[in-house]
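A.B. asks: Residue numbers (this note's numbering): 10 to 102.
Right under this line is the structure:
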């Protein structure tokens, strides 16, 4: 059964980030050097929408199109969707 996709994820998926986005991570949480969260629109078709995953270790966070994007050591890029989370909101937003 396919998970319902949150509106904020759908809206972010419509944006042009200018780089290849691997997936969108909803309600991400820091877990050591990695992130955990519900994944949507996995470009590599590894995970079903809504599945709880843990990313590889995060190399850096970059701000693109008013969103934070996590870049992992394995080269994956995740748009972080965290409604109401000031910690994951780019400065000045």
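By construction, the Cβ of each residue, glycine as well, lies at the ideal position given by its N, Cα and C atoms.
Predicted, not measured: the structure shown is a model, and the values here were computed from it.
Going by CA-CA distance only, name the one from 40, 22, 39 that's closest to residue 32.
C.D. replies: On the chain shown, residue 32 is found 23 positions in, with the first residue counted as 1. Here the closest residue by C-alpha is 22.
A.B. asks: Residue 91 and residue 15: beta carbons closer than 8 Å?
C.D. replies: Locating residue 91 in the chain shown gives position 82, counting from the first residue. Locating residue 15 in the chain shown gives position 6, counting from the first residue. Result no, Cβ atoms of residue 91 and residue 15 do not sit closer than 8 Å.
A.B. asks: If the criterion is Cβ atoms closer than 8 Å, does the pair residue 48 and residue 34 meet it?
C.D. replies: Walking along the chain shown from the start, residue 48 turns up at place 39. Walking along the chain shown from the start, residue 34 turns up at place 25. Yes, they are a contact pair.
A.B. asks: Quick check: residue 28 and residue 83, are their CB atoms within less than 8 Å of each other?
C.D. replies: Translated into positions along the chain shown, residue 28 becomes position 19. Translated into positions along the chain shown, residue 83 becomes position 74. Contact flag unset, no.
A.B. asks: Would residue 40 count as contacting chain D if we go by Cβ distances under 8 Å?
C.D. replies: Going by chain labels, chain D is absent from the structure shown, which holds only one protein chain.
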